[in-house]
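Note sheet for the following structure.
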Amino acid sequence: MKPFCIISSFFFLLYLGCGNSDVDIDAEIVVPVSVEEIGKKAIKQFVNTTGTVRAMQEATLKAETEGFYRLNTNATTGKPFALGDFVKKDAVIIFLDNPELENNTKIESQKLALDISSREYEKQQSLYDKGGVTLRELKDAERSYFDARYSFENAKIQLAKLQVQAPFDGIIVDLPYYTPGVKVELSSTMVQMMSYKRLYLEASLPANELGKVKVSQPVEITNYTLPEDTLAGAVTQVSPAIDATTRSFKAAIEVDNPELLLRPGMFVKADIVVAVRDSALVISKDVIQSRQRGKTVYVVERGAAQERVITTGIENPAYVEVVDGVKENERLIVKGFETLRNNSKVKVIR
């Protein structure tokens, strides 16, 4: 009796197992996915580089003569000039008092001699027009006038050496300390100035980018200390030669820095815009899969995933232009596509 019960139970369980197998085979697997509607927007392609920005104007001013040091007062602050002060072009930053030089130039005497010779020259010209003097006498008066003028100008040049003046509108970035009244020797460093409302960057770029980078292309400049600020620049020069050692070429970039957000010496990232599409079908690069037949994506069509082979255009690190393979307003699968096959059933969850 027991063997019969065991055999009966075996066939009963086998019957139940076969019934469940039929249910599993008939059931369809539906994959949950997320989609985005394909649309048109602008896209840029970049050539990326990094480097250190430098001031467009920079000058280290040295003493052109010896003299006793006297730091001038900044008219804006009412205090002696200091590091970080803005200085207008031709403003006197430092005086070098040198009484001996001032006496030797005889500036007042030179000016008086110029006035006298100028009047004499005018007088001789008037007389010559009336036939009162010879041409030789006129030329002698002319020579005396020019000699006096050159002597006076030279005296002014010598006296100008006693004043350290700003050669351009800029900011004091280095101001070596000297005790007031101490004697400064010839060629001593007095002050260093920079103007960095515009900066430049000398970029080193890979040789394979030479045909893409051109003069006047816009450049987007960023710095890690200014994550929310992108400054505008432009390519101003491109070298046609490739360095045989580094396999790279040089390009010069100038950067507008009106608010002085960037400082000379800062390390920056420069994205050179080498191509732009104002209205293109653009998708994320993350949804593209590489197959043997090419680049593919999935779109949703009548509740199923449809595989599309696409042709791409310009791209940047995040996005790519699609020139063929998908259409505007199609629903692109952006999540859950990894395990899909063509015609897989899907459920859009968002």
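First residue of the sequence shown: 3, per the working numbering; consecutive thereafter.
Beta carbons are placed, not taken as given, at the ideal position from N, Cα and C, and that holds for glycine.
These numbers come from a predicted model, not from an experiment.
Worksheet item: Between Val302, Ala234, Met58, which lies nearest to asparagine 345 when the distance is taken from Cα to Cα?
Response: The residue you call residue 345 lines up with position 343 of the sequence shown. Residue Val302 is the option with its Cα nearest to asparagine 345.
Practice prompt. State the DSSP-derived secondary structure class of aspartate 356, mapped to helix, strand or coil.
Written response: Outside the modelled stretch of the chain, which goes from 3 to 352, sits residue 356, for which no answer is possible.
Worksheet item: Can you name, in chain order, every residue of its own chain whose Cβ lies under 8 Å from the Cβ of isoleucine 173, other than the five neighbours on each side?
Response: Counting from one through the sequence shown, the residue named residue 173 turns up at place 171. These residues qualify, in order along the chain: Gly86, Asp87, Phe88, Val89, Met195, Met196, Ser197, Tyr198.
Discussion item. For isoleucine 274 and phenylalanine 154, I'd like the C-alpha separation in whole angstroms.
Written reply: As a working mapping, residue 274 is identified with position 272 in the sequence shown. As a working mapping, residue 154 is identified with position 152 in the sequence shown. Here the alpha carbon of isoleucine 274 sits roughly 54 Å from the alpha carbon of phenylalanine 154.
Worksheet item: At which residues does the beta strand (DSSP E) containing tyrosine 71 begin and terminate?
Response: As a position in the sequence shown, residue 71 is number 69, starting the count at 1. Segment 69 to 73, the beta strand (DSSP E) holding tyrosine 71.
Discussion item. By alpha-carbon positions, which one of Leu73, Glu332, Ala168, Ser206 ends up nearest to isoleucine 285?
Written reply: Mapped onto the sequence shown, residue 285 falls at position 283. Checking every option, the nearest Cα to that of isoleucine 285 belongs to Glu332.
Item to complete: Could you please give me the residues that DSSP links to glutamine 126 through a beta bridge?
Response: Within the sequence shown, the letter at position 124 stands for residue 126. Per DSSP, none; premise fails for glutamine 126.
Practice prompt. Check whether the Cβ atoms of valine 55 and isoleucine 335 lie closer than 8 Å to each other.
Written response: For the purposes of this step, residue 55 is taken as the residue at position 53 of the sequence shown. For the purposes of this step, residue 335 is taken as the residue at position 333 of the sequence shown. No, the pair does not count as a contact, with Cβ atoms beyond the cut-off.
Worksheet item: Do threonine 232 and isoleucine 223 have their C-beta atoms within less than 8 Å of each other?
Response: In the sequence shown, counting from the first residue as 1, residue 232 sits at position 230. In the sequence shown, counting from the first residue as 1, residue 223 sits at position 221. A contact, by the Cβ cut-off of 8 Å.
Discussion item. Under DSSP, the beta strand (DSSP E) around serine 286 begins and ends at which residues?
Written reply: Working through the sequence shown from its first residue, we reach residue 286 at position 284. 269 to 286 is the extent of the beta strand (DSSP E) around serine 286.
Worksheet item: Is it true that the region 246 to 264 meets the region 276 to 291, where meeting means three or more beta-carbon pairs spaced less than 8 Å apart?
Response: No: the two stretches stay apart, fewer than three of their Cβ pairs being nearer than 8 Å.
Practice prompt. Work out the CA separation of methionine 268 and lysine 287 for me, nearest whole Å.
Written response: On the sequence shown, residue 287 is found 285 positions in, with the first residue counted as 1. On the sequence shown, residue 268 is found 266 positions in, with the first residue counted as 1. Between lysine 287 and methionine 268, the C-alpha separation is close to 32 Å.
Practice prompt. Please confirm whether arginine 72 and isoleucine 96 have their CB atoms less than 8 Å apart.
Written response: In the sequence shown, the residue the question calls residue 72 occupies position 70. In the sequence shown, the residue the question calls residue 96 occupies position 94. Yes, Cβ-Cβ distance for arginine 72 and isoleucine 96 is below 8 Å.
Worksheet entry | Secondary structure of glutamine 219, DSSP reduced to three states | Residue mapping note: residue 219 aligns to position 217 of the sequence shown, counting from 1. In the three-state DSSP reduction, glutamine 219 falls in the coil class, being neither helix nor strand.
Worksheet item: Using DSSP with H/G/I as helix, E/B as strand and the rest coil, what is glutamate 102?
Response: For the purposes of this step, residue 102 is taken as residue 100 along the sequence shown, with counting starting at 1. Here glutamate 102 sits in helix by DSSP.
Worksheet item: In this structure, does DSSP put threonine 54 in helix, strand or coil?
Response: Counted from its first residue, the sequence shown places residue 54 at position 52. Residue state, collapsed to three classes: strand.
Worksheet item: DSSP state of tyrosine 321, grouped into three classes?
Response: Working through the sequence shown from its first residue, we reach residue 321 at position 319. Correct three-state label for tyrosine 321: strand.
Worksheet item: Once you ignore the five residues that flank glutamate 144 on each side, which residues in its own chain have a CB closer than 7 Å to its CB?
Response: Counting from 1 along the sequence shown, the entry for residue 144 is found at position 142. Apart from sequence neighbours up to five positions away, the residues of its chain that approach glutamate 144 with a beta-carbon distance below 7 Å are Tyr123, ordered along the chain.
Worksheet item: Does DSSP put asparagine 225 in a helix, a strand or coil?
Response: Residue 225 sits at position 223 when you count from the first residue of the sequence shown. Strand, per DSSP.
Worksheet entry | Contact under 8 Å by Cβ, valine 33 with threonine 314 | Against the sequence shown, residue 33 aligns to sequence position 31. Against the sequence shown, residue 314 aligns to sequence position 312. With respect to the 8 Å criterion, valine 33 and threonine 314 are not classified as neighbours on the basis of their beta carbons.
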